[in-house]
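**Student:** Its first residue numbered 0, the sequence shown is counted upward by one per residue in numbering that gives the first Met the number 0.
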Amino acid sequence: MNCYDCHATEKADTSAVAMCHCCGSGLCPDHLRMIRPVVHRLNGMGVAHGPALARQLLCVTCHAAQATGLPAA
Ligand SMILES: [Zn+2]
Ligand SMILES: [Zn+2]
0 MNCYDCHATE
10 KADTSAVAMC
20 HCCGSGLCPD
30 HLRMIRPVVH
40 RLNGMGVAHG
50 PALARQLLCV
60 TCHAAQATGL
70 PAA
């Protein structure tokens with residue numbers, strides 16, 4: 000798979016190293032963005048946070064659309 004953003008913006012075929020968690024596009028190292036969301040899970044009567052932050056790899060577009068409010072990588 001090749002990087003979608005490289006293909007769309009630069010007409011370049013760059014090998015992808017990851018996929019966007021949101022839209023599924025291929026991402027090269029220059030175009031991927033990583034966020035570390037807190038995982039919420041049910042715990043008895045309340046909601047607890049997991050002991051470790053998860054990892055999500057997003058494209059630039061999806062990162063800009065949904066990363067607001069989440070801790071940066
Ligand atoms: Zn790229
Ligand atoms: Zn995306």
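Even glycine gets a Cβ: it sits at the ideal position worked out from N, Cα and C.
Can you tell which of L41, K10, M33 and N1 has its C-alpha closest to the C-alpha of L52?
**Tutor:** The option with the nearest alpha carbon to L52 is M33.
**Student:** For C27 and M44, I'd like the C-alpha separation in whole angstroms.
**Tutor:** Near 42 Å, if we compare the C-alpha coordinates of M44 and C27.
**Student:** For A48, collect the residues of the same chain with a Cβ closer than 6 Å to its Cβ; drop the 5 residues on either side in sequence, then sort them by chain order.
**Tutor:** For the record, residue 48 in the displayed sequence is His; it is not Ala. Answer for H48: V37, listed in chain order.
**Student:** Report the three-state DSSP secondary structure of H30 (helix, strand or coil).
**Tutor:** The answer is coil: DSSP assigns H30 none of H, G, I, E or B.
**Student:** Do you know how far the Cα of H30 is from the Cα of K10?
**Tutor:** C-alpha separation (whole angstroms): 14 Å.
**Student:** The alpha helix (DSSP H) with A64 in it runs from where to where?
**Tutor:** Run containing A64: V59 to Q65, per the alpha helix (DSSP H) assignment.
**Student:** By DSSP, does H20 sit in helix, in strand, or in coil?
**Tutor:** The answer is coil: DSSP assigns H20 none of H, G, I, E or B.
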